[in-house]
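Everything on this sheet refers to the single structure shown next.
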Amino acid sequence: MTRELSLLIASIIVLALVVIGVMTWLFLEPFYRSDRIRRMKDTYQQLVSLTKSEIDSSESIKMMLLNNNIQVTIVSSTMDSVYTTSHEPNRNLVRLYEYVTGFARENTDVLEKTDAYTLQITKEAHPALDYLEMWGQLECGDYFLLQTPLDSIRSVAKLTLMFYLLLGAGVILISVAVVCFLVRRYTRPIVQLTAQARRMANLDFEARYEGSETNEIGELGRSFNKMSSELERTISELKSANAELQRDNEKKTKIDEVRKEFLNNVSHELKTPIALIQGYAEGLKENIAEDAESRDFYCDVIIDESSKMNHMVKKLLTLNQLEFGNDPVVMERFDLTGLISGVIQGMKIMIDEAGDAVSFAQKEPVYVWGDEFKIEEVVTNYLSNAVHHCENEKRIEITMKEEDGIVTTTVFNTGRPIPEEDIGRVFEKFYKVDKARTRAYGGSGIGLSIVQAIMDGHQQRCGVKNYENGVAFWFTLESKSEEQVQTPS
């Protein structure tokens with residue numbers, strides 16, 4: 464691994480040197496020339512609006528010309544006044560005169576020509592030098608010639624060094640990035656194995672070595688994967704066995720608790736009607752009721768209490784089937800508006816006898832998913848409770864609200880709010896807020912428990928909310944028509 468890494472780094476260095484050499488050979492001359500052209504144009508921009516006297520008196524202009532190694536020759540439009548920084552003023556003066564008068568030189572290569580100036584390269588035979596020249600007319604009317612040698616050793620050395628520095632910096636950055644990438648690539652398997660070992664120590668076997676190396680590290684990673692799989696399988700089997708044992712214990716405990724609670728509640732609820740039936744039956748046997756009217760009253764009490772016991776037992780059987788999954792939910796799409804309207808119509812006699820006013824403003828069909836028979840029982844329970852507890856204004860309101868594919872149905876009745884200490888327990892089996900009043904209309908405290916079991920079977924919600932002037936019970940159903948709702952298991 465060390466040998467491979469060393470070879471890679473050496474190869475990168477050699478590659479970097481080769482790239483620098485090739486780039487220098489290809490681009491140094493164009494880079495050098497473009498730099499001289501840029502400096503020439505910058506100098507022209509500084510001189511174009513000045514006169515000979517302003518140029519001669521400006522130290523900054525002279526310093527700029529010196530630093531850029533540019534010679535300047537300026538002649539008035541009448542050719543009677545000359546300003547020059549050239550070491551050969553006569554030669555440059557003659558050359559500027561030839562350019563202005565249109566004398567063509569065979570050794571001149573024009574690079575750029577505008578109305579204000581001409582930029583060209585001039586080749587001189589003696590001495591053998593190439594000059595970058597710019598000539599034209601300033602804004603004041605004077606003619607000018609800017610000249611700089613393209614083969615200046617100092618400029619070439621400086622530009623070469625600058626070029627190497629710029630190019631070398633780029634190559635070094637690329638080389639460092641490549642080396643870091645390769646080192647990370649070679650150390651990644653070790654990092655993965657370390658992380659995998661740490662997770663395995665914490666009994667987390669989800670991590671897997673994903674490398675494809677054929678060396679020792681790859682073999683070690685595959686061994687880690689095999690060991691992790693074996694440990695995961697073994698621990699999974701142990702956890703499954705332990706979870707199953709725990710579920711069995713919890714199920715047994717729950718069944719015992721439910722059985723005890725059921726027996727206690729049933730014995731408590733049946734105690735009163737059985738005592739009444741027994742008492743009135745004994746009275747009839749002993750002829751305590753001598754007249755026919757009294758005997759009819761005794762018989763009516765026995766029949767009424769028997770009916771209540773029968774009603775309670777039926778509800779207990781229904782609740783038992785729901786809680787233990789013996790009565791599965793059959794999902795279908797039905798019109799909830801029509802169902803509620805049917806329940807109201809079916810309970811009209813009870814509502815009229817109680818003197819309540821029921822309002823249900825929804826007229827358009829609202830289609831929902833659910834077990835229509837069981838939802839009818841939920842609505843019946845809610846409306847029956849509302850009728851029995853409606854007071855004051857004697858008003859019952861049934862509303863539906865759809866939001867995000869969920870329809871919330873609410874049954875509100877005016878009357879006394881449920882005490883805060885009781886509101887969280889109204890859906891418990893056999894729980895009665897007002898025991899005397901509940902018994903008066905034959906309630907057993909099971910109806911709302913059935914509602915809770917039905918809504919749990921639908922995987923939906925139900926609840927109760929107090930208001931200042933009454934109580935509202937609600938439940939939800941799904942209404943999305945584009946999705947099939949599966950029957951809960």
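Position one of the sequence shown corresponds to residue 464 (the numbering used here), numbered consecutively onward. A virtual CB, placed ideally from N, CA and C, is assigned to each residue, including glycine.
Contact between Ala820 and Ile859 holds, with the beta-carbon distance rounding to 7 Å and staying under 8 Å. Taking a C-beta distance under 7 Å as the contact criterion, Ser544 and Gln534 do not qualify as a contact pair. Taking 7 Å as the cut-off, the Cβ atoms of Ala579 and Gly565 do not count as close. Here Ser523 is exposed: its Cβ has fewer than 16 other Cβ atoms, across all protein chains shown, within 10 Å. The segment 790-808 makes contact with the segment 834-853, as at least three CB pairs between them are under 8 Å. By the C-beta density criterion, Val874 is buried, having at least 16 other C-beta atoms within 10 angstroms. The residue among Glu856, Arg501, Met526 and Ile537 with its C-alpha nearest the C-alpha of Ser512 is Ile537. Put simply, the backbone Cα of Leu556 is about 26 Å away from that of Ser497. The alpha-carbon separation between Pro552 and Met597 amounts to approximately 16 Å.
With fewer than 16 other beta carbons inside 10 angstroms of its own, Arg648 counts as exposed. Setting aside the 5 residues that flank it on each side, Val829 is surrounded in the same chain by Asp798, Leu799, Thr800, Met863, Glu865, Val870 and Ser942, each with a C-beta closer than 8 Å to its C-beta; the list follows chain order. DSSP places Gly599 within a strand segment (E or B) once states are collapsed to three.
Counting C-beta atoms within 10 angstroms of its own C-beta, Ala916 has 16 or more neighbours from the protein chains shown and is therefore classed as buried. Residue pairing by DSSP places Ser822 opposite Glu860 in a beta bridge.
Inter-residue distance for Leu630 and Gln509 is about 31 Å (C-alpha atoms, whole angstroms). Inclusion of Gly933 and Thr877 in the CB contact set at 7 Å is warranted, their separation being smaller than that value. For the pair Val914 and Asn848, the CB atoms are not nearer than the 7 Å cut-off. Bounds of any beta strand (DSSP E) do not take in Val850; it lies within the alpha helix (DSSP H) bounded by Glu835 to His852. The Cβ-Cβ distance between Ile814 and Val850 falls below 7 Å. Per DSSP, the unbroken beta strand (DSSP E) holding Lys576 starts and ends at Thr571 to Lys576. Separation of Val642 and Leu636 (C-alpha to C-alpha, rounded to the nearest whole angstrom) is 10 Å. Secondary structure of Gly805 (DSSP, three-state): helix. In the displayed model, Ala935 falls within a strand according to three-state DSSP.
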